[in-house]
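Residue numbers (our numbering): 624 to 802.
Below is the structure:
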């Protein structure tokens, strides 16, 4: 199991409380989790972002006017997507007792840089496609892994927050457990 049993139990208890709250018609506010960030320039295009008790440094590459001291905002979006998918793999495979030994998630994004041009030939300032590759080492039957893969896709809030015109391609590579 990829997730410690104690942490899985904490998550199960939280889920039980949420389900119970749904049954008692608790107001929507009880289910909302606010997220707050604060960004401030450090130097040139290097930005320091504070989120909760964490600090994230952001910069642009040299050809984008930055100093290339950290990942770009767009890189960070792809980092968030990869991490969200990975967290879902760990959570759902553990919750359903699926024998998964390792999961590696890779995300590739494609953006058309013509967005910086103004006028009729301009394209939207967003990714036009992402490819999410999940490489899973498991002894579990393929259909069970595919079922979890569907849940991983369906319940990733980062993926679901992306613009609907962004093409999302999910690939699953299953590798047997080495003998």
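All C-beta atoms, glycine included, are put in the ideal place defined by N, C-alpha and C.
How big is the Cα-Cα spacing for residue i and residue j?
{"i": "residue 661", "j": "residue 674", "result": "7 Å"}
{"i": "residue 775", "j": "residue 785", "result": "15 Å"}
{"i": "residue 737", "j": "residue 745", "result": "6 Å"}
{"i": "residue 646", "j": "residue 653", "result": "13 Å"}
{"i": "residue 695", "j": "residue 749", "result": "14 Å"}
{"i": "residue 800", "j": "residue 760", "result": "6 Å"}
{"i": "residue 764", "j": "residue 773", "result": "15 Å"}
{"i": "residue 635", "j": "residue 658", "result": "23 Å"}
{"i": "residue 627", "j": "residue 633", "result": "10 Å"}
{"i": "residue 684", "j": "residue 751", "result": "20 Å"}
Determine the closest residue to residue i out of the options, with distance taken between C-alpha atoms.
{"i": "residue 690", "options": "658, 802, 626, 668", "result": "668"}
{"i": "residue 747", "options": "672, 678, 716, 735", "result": "735"}
{"i": "residue 688", "options": "670, 700, 704", "result": "670"}
{"i": "residue 631", "options": "770, 682, 718", "result": "718"}
{"i": "residue 797", "options": "739, 666, 787, 762", "result": "762"}
{"i": "residue 780", "options": "686, 701, 683, 685", "result": "701"}
{"i": "residue 665", "options": "682, 639, 732", "result": "682"}
{"i": "residue 708", "options": "766, 787, 778", "result": "778"}
{"i": "residue 771", "options": "722, 732, 802, 740", "result": "722"}
Check the DSSP bridge columns for residue i and list the partner residues they point to.
{"i": "residue 729", "result": "756"}
{"i": "residue 714", "result": "DSSP lists no partner for residue 714."}
{"i": "residue 761", "result": "723, 799"}
{"i": "residue 750", "result": "734"}
{"i": "residue 681", "result": "670"}
Problem set entry | Those runs of the alpha helix (DSSP H) which lie wholly inside the region 765 to 796 and span at least 4 residues | Within the region 765 to 796, the complete alpha helix (DSSP H) segments of 4 residues or longer fall at 765 to 777, 780 to 784, listed in chain order.
Exercise. Between the region 785 to 801 and the region 749 to 757, are three or more C-beta pairs nearer than 8 Å?
Worked result: At 8 Å Cβ cutoff, the stretches touch.
Problem set entry | Within the region 644 to 676, ranges of the alpha helix (DSSP H) (whole runs, at least 4 residues) | Within the region 644 to 676, not a single complete alpha helix (DSSP H) segment reaches 4 residues in length.
Exercise. So does the region 705 to 714 actually touch the region 723 to 732, counting three or more Cβ pairs closer than 8 Å?
Worked result: The answer is yes - the region 723 to 732 touches the region 705 to 714, with three or more Cβ pairs under 8 Å.
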